[in-house]
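For the sequence shown, UniProt numbering begins at 1 and goes up steadily by one.
No residue lacks a Cβ here, since even glycine has one placed at the ideal position from N, Cα and C.
As the structure is a computational prediction, the values presented were derived from the model and not from experiment.
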Amino acid sequence: MFTGIVEELGEIVAVEPARLAIRGRTVASDAKHGDSIAVNGVCLTVTDVDGDVFGVDVMGETYDRTALGGIRPGDPVNLERAATLQTRLGGHLVQGHVDGVGEILRREPGGNWETVHIRLAPGLARYVVEKGSITVDGVSLTVASVDGDVFTVGLIPTTLALTTLGSKGPGDPVHLETDVIAKHVEKLLAHGSAA
């Protein structure tokens, strides 16, 4: 479980068919085999640590359902260690299970922030509500507006400076994780009406 509060901007060091090596001084500082680290919002398991570089295995299904297949050495990535019982929940409950890959449509500068328009992956619109939570590339954000399959979020200077969202532009893919509570409520209601 994560909070969607990115701890650091890491860097992809190596890409192999079923493995990534990632540099992240903060998250690697206490990482050990078996730990979970969210990489651009994708929960991955640490296989090894060498100084400030950690390795993770990546299954074919993960490549199929995310944009990690397009990642290259040198690319920046958002990193967050798994939450503990002592962790402040500054964002919202995030599983690191990507629901789909969205696309940045446009950015609008606005004073000290930017409004970003993102197209939802098919089937996700029903889980996205104005003022609700959504995770974009592992960043916990509040939905500013929703119009069909497009939603907007506001990015403050800290988010722009300290996450990959500050440098992504129109056409770029982003990992989306909708609110897990909405998905559970939907399932419960479906089963309740069938009983």
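Worksheet item: Asp147 bridges to which residues according to DSSP?
Response: Within the sequence shown, the letter at position 147 stands for residue 147. DSSP output for Asp147 lists Val150 as bridge partner(s).
Worksheet item: Taking Thr158 as the reference, which of Pro17, Val180, Arg25 and Leu9 has the closest Cα?
Response: In the sequence shown, residue 158 corresponds to position 158, counting from 1. Cα-wise, what sits closest to Thr158 is Leu9.
Worksheet item: Arg72 by DSSP, collapsed to three states: which one?
Response: The residue you call residue 72 lines up with position 72 of the sequence shown. In this structure, Arg72 counts as coil in the three-state DSSP scheme.
Fill in: His97, DSSP secondary structure in three states
For the purposes of this step, residue 97 is taken as the residue at position 97 of the sequence shown. Here His97 sits in coil by DSSP.
Worksheet item: Given a threshold of 16 other Cβ atoms within 10 Å of its Cβ, counted over all protein chains shown, does Val185 qualify as buried or as exposed?
Response: Here residue 185 refers to the residue found at position 185 when the sequence shown is read from its first residue. That one is exposed.
Practice prompt. Report yes if the C-beta distance between Arg81 and Glu7 is below 8 angstroms; otherwise report no.
Written response: Mapped onto the sequence shown, residue 81 falls at position 81. Mapped onto the sequence shown, residue 7 falls at position 7. In this structure, Glu7 lies closer than 8 angstroms to Arg81 by Cβ.
Item to complete: With a threshold of 16 other CB atoms inside 10 Å of the CB of Asn112, please say whether the residue is buried or exposed.
Response: Numbered from 1 along the sequence shown, position 112 holds the residue referred to as residue 112. Counting Cβ neighbours within 10 Å, Asn112 comes out exposed, since fewer than 16 surround it.
Worksheet item: Would a C-beta distance cut-off of 8 angstroms place Ile104 and Val116 closer than the cut-off?
Response: Position 104 of the sequence shown, counted from the start, is the residue given in the question as residue 104. Position 116 of the sequence shown, counted from the start, is the residue given in the question as residue 116. Less than 8 angstroms divides the Cβ of Ile104 from the Cβ of Val116.
Discussion item. Just to confirm, is the Cβ distance from Val56 to Val46 under 8 angstroms?
Written reply: Within the sequence shown, the letter at position 56 stands for residue 56. Within the sequence shown, the letter at position 46 stands for residue 46. The answer is yes: Cβ separation under 8 angstroms.
Worksheet item: Near Leu124, what residues of its chain come up, given a Cβ to Cβ distance below 7 angstroms and the 5 sequence neighbours on each side ignored?
Response: Counting from one through the sequence shown, the residue named residue 124 turns up at place 124. Answer for Leu124: Asp99, Gly100, Leu176 and Thr178, listed in chain order.
Practice prompt. Kindly indicate the opening and closing residues of the alpha helix (DSSP H) around Arg126.
Written response: Taking the first residue of the sequence shown as 1, we reach residue 126 at position 126. Neither: Arg126 is in no alpha helix (DSSP H) and is coded neither H nor E.
Worksheet item: Looking only at its own chain, which residues have a Cβ that is under 7 angstroms from the Cβ of Gly65, when we skip the five neighbours before and after it?
Response: For the purposes of this step, residue 65 is taken as the residue at position 65 of the sequence shown. For the sequence presented, residue 65 should be read as Arg rather than Gly. Result list for Arg65: Val98, in chain order.
Worksheet item: If you draw a straight line from the C-alpha of Ala195 to the C-alpha of Arg23, how long is it?
Response: As a first step, residue 195 is located in the sequence shown; it is residue number 195 there, counting from the start. As a first step, residue 23 is located in the sequence shown; it is residue number 23 there, counting from the start. Note that Ala195 scores a pLDDT of 49, beneath 50, so its modelled location is shaky and nothing firm can be said.
Fill in: Bridge partner(s) assigned by DSSP for Leu176
Position 176 of the sequence shown, counted from the first residue, corresponds to residue 176. DSSP output for Leu176 lists Gly100 and Val136 as bridge partner(s).
Worksheet entry | Neighbourhood of Ile5 by C-beta distance below 7 angstroms, restricted to the same chain and skipping five residues each side | On the sequence shown, residue 5 is found 5 positions in, with the first residue counted as 1. Correct list, in chain order: Glu80, Gly90, Gly91 and Ser140.
Practice prompt. Quick one: residues in its chain with C-beta nearer than 7 angstroms to the C-beta of Thr162, no 5 flanking neighbours on either side, listed in chain order?
Written response: By 1-based counting over the sequence shown, the position of residue 162 is 162. It should be noted that the sequence gives Leu, not Thr, for residue 162. Closer than 7 angstroms at the Cβ level, and outside the excluded window around Leu162, lie Val6 and Leu9.
Worksheet item: Helix, strand or coil: how does DSSP classify Ala195 here?
Response: Against the sequence shown, residue 195 aligns to sequence position 195. At Ala195 the pLDDT is 49, less than 50, meaning the model places this residue with poor confidence; the figure from the coordinates comes in the next sentence. The answer is coil: DSSP assigns Ala195 none of H, G, I, E or B.
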